[in-house]
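**Q**
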Amino acid sequence: MIRKCLFPVGGYGTRFLPATKALPKEMLPVVNKPLVQYGVEESIDAGLNYVGFVTGRGKRAIADHFDISYELEHQISGSSKEQYLSSIRHVMDEGVFSYTRQKEMKGLGHAILAGETLVGNEPFGVVLADDLCVNTEGEDSVLAQMVKVHKQFRCSIVAVMEVPEDEIHKYGVIAGEEMKDGLYRVSDMVEKPKKEDAPSNLAVIGRYILTPDIFDILKVTPPGVNDEVQLTDALKTQAQDGVVLAYRFQGKRFDCGSVQGFVEATNFCFENIYAEGKG
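Residue numbering for the sequence shown follows full-length UniProt numbering, beginning at 1 and increasing consecutively.
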């Protein structure tokens, strides 16, 4: 059973400056909720109630968000405004939160390795809050879909989606044999390839389930693209030594690490969630 989920949230969010000069990018609101809360709700919905954050300097607002604000609660207690806290109260009641710091920004692989102390020797999920995933009401979330796959195969799993050739350079890309519709056994992974070098059009997005041996692999993985420790490189090693699966998920994904994607996500969530009274 998977119980834990890591959120690497130490990045600077430079594409959203000056808004992120003092505010963590993960706290930018998509309509009425900060981006990171959507990811935590997805984690808890999938049964991963132990939520670990790998943070950095200037990220205290994230910890404050998932904690009680006595002054605020006192001020709005008994008023009509109290209803607006219902979603975060549910998350706080259901989740168990822990935090550690990534002392230097050395890539996603380095951030995952920094979270080893929060995970221990058990499989765990990883959510990159920049990727907002939305599913139709009543359907499993992306992470819940992946948990079901992991229960069957007991190996590391990456979420993938088809992307256009002119965007392939933004992602880690997999090569592999399709075992059945939407499920691939990974044979190779390349981080941010040129379109002519990409092994497929299946790009990895910010949802993973990892087995704990990934930590030992990361410890000996040399820096790769951008002189950073890439999770993609560690997963490639894991795939060659054992099994890594790529799962083409069901649902809609927004790249909230870009301004355009963030605006698209905000518009979608307003029209389909908030305005419908589901948020």
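We put the CB at the ideal spot given by N, CA and C, even for glycine.
Please read these numbers as outputs of a predicted model, since none were measured by experiment.
#1: What would DSSP say about A234, mapped onto helix, strand or coil?
#2: DSSP puts F254 in a beta bridge; with which residues?
#3: Kindly list the residues whose CB is nearer than 6 Å to the CB of G13, restricted to its own chain and excluding five residues on each side of it in sequence; keep chain order.
#4: Consider the Cβ of A246: report whether some Cβ of chain B lies at a distance smaller than 8 Å.
#5: CA-CA distance, L143 and V91?
#6: Can you find the residues in the same chain that come closer than 8 Å, C-beta to C-beta, to D197, ignoring five residues on each side of it along the sequence?
#7: Taking its Cβ as the centre, do 16 or more other Cβ atoms sit within 10 Å of L72, making it buried, or is it exposed?
#8: Can you give the Cα-Cα distance for R57 and D181, rounded to whole angstroms?
#9: Under the three-state reduction of DSSP, which class applies to F249: helix, strand or coil?
#10: Rank N272, N267, S258 by C-alpha distance to the C-alpha of F129 and give the top, closest one.
#11: What does the alpha-carbon distance come out to for the pair residue 327 and N201?
#12: Are there 16 or more other CB atoms within 10 angstroms of the CB of V127, so buried, or fewer, so exposed?
#13: Would the stretch 1 to 8 count as touching the stretch 53 to 69 if we require 3 or more Cβ pairs under 8 Å?
#14: Tell me which same chain residues have a C-beta within less than 8 Å of the C-beta of Y274, skipping the five on either side of it?
#15: Report the three-state DSSP secondary structure of L202 (helix, strand or coil).
#16: Going by other Cβ atoms of all chains shown within 10 Å of its Cβ, with 16 needed for buried, is V158 buried or exposed?
#17: What is the residue span of the alpha helix (DSSP H) that S43 lies within?
#18: The alpha helix (DSSP H) that contains V225, what's its start and end?
#19: Within 10 angstroms of its Cβ, does R101 collect 16 or more other Cβ (buried), or is it exposed?
#20: Please state if the CB of A246 and the CB of I214 are separated by a distance shorter than 8 Å.
#21: Going by the CB atoms, is the gap between Q238 and V229 shorter than 8 Å?
#22: Under 8 Å, do M179 and R248 count as touching if we go by C-beta distance?
#23: According to DSSP, is M27 part of a helix, a strand, or is it coil?
#24: Have a look at F97, Q37, E82 and flag the residue whose alpha-carbon is nearest the alpha-carbon of residue 317.
#25: Reducing DSSP to helix, strand and coil, say where Y99 ends up.
**A** Answer, in terms of the structure:
#1: For A234, the three-state secondary structure derived from DSSP is helix.
#2: Its beta-bridge partners are L132.
#3: Only T20, K25 meet the Cβ criterion.
#4: Absent here is chain B; the protein component of the structure consists of one chain.
#5: Cα atoms of L143 and V91: separation of roughly 16 Å, rounded to the nearest angstrom.
#6: Residues of the same chain with a CB within less than 8 Å of the CB of D197, apart from the 5 flanking positions on each side, are V190 in chain order.
#7: It counts as exposed.
#8: R57 and D181: Cα-Cα distance of roughly 43 Å.
#9: Correct three-state label for F249: coil.
#10: Note that residue 129 is Ala in the sequence shown, not Phe. Residue S258 is the option with its Cα nearest to A129.
#11: Only positions 1 to 279 of the chain appear in this structure, which leaves residue 327 out of reach.
#12: Taking every protein chain shown into account, the CB of V127 has 16 or more other CB atoms within 10 angstroms, so this residue is buried.
#13: Three or more Cβ pairs drawn from the stretch 1 to 8 and the stretch 53 to 69 lie within less than 8 Å of each other, which places the two stretches in contact.
#14: Contacts found: V31, N32.
#15: Strand.
#16: Around the beta-carbon of V158, 16 or more other beta-carbon atoms lie within 10 Å, marking it buried.
#17: 35 to 45 is the extent of the alpha helix (DSSP H) around S43.
#18: V225 -> no alpha helix (DSSP H), and no H or E assigned at all.
#19: It is exposed - the Cβ of R101 has fewer than 16 other Cβ atoms within 10 Å.
#20: Not in contact: I214 and A246 (Cβ atoms no closer than 8 Å).
#21: No, Cβ-Cβ distance for V229 and Q238 is not below 8 Å.
#22: No. Outside cutoff.
#23: Helix.
#24: No information on residue 317 is available, as it lies outside the stretch 1 to 279 that the chain covers here.
#25: Y99: strand per DSSP, three-state reduction.
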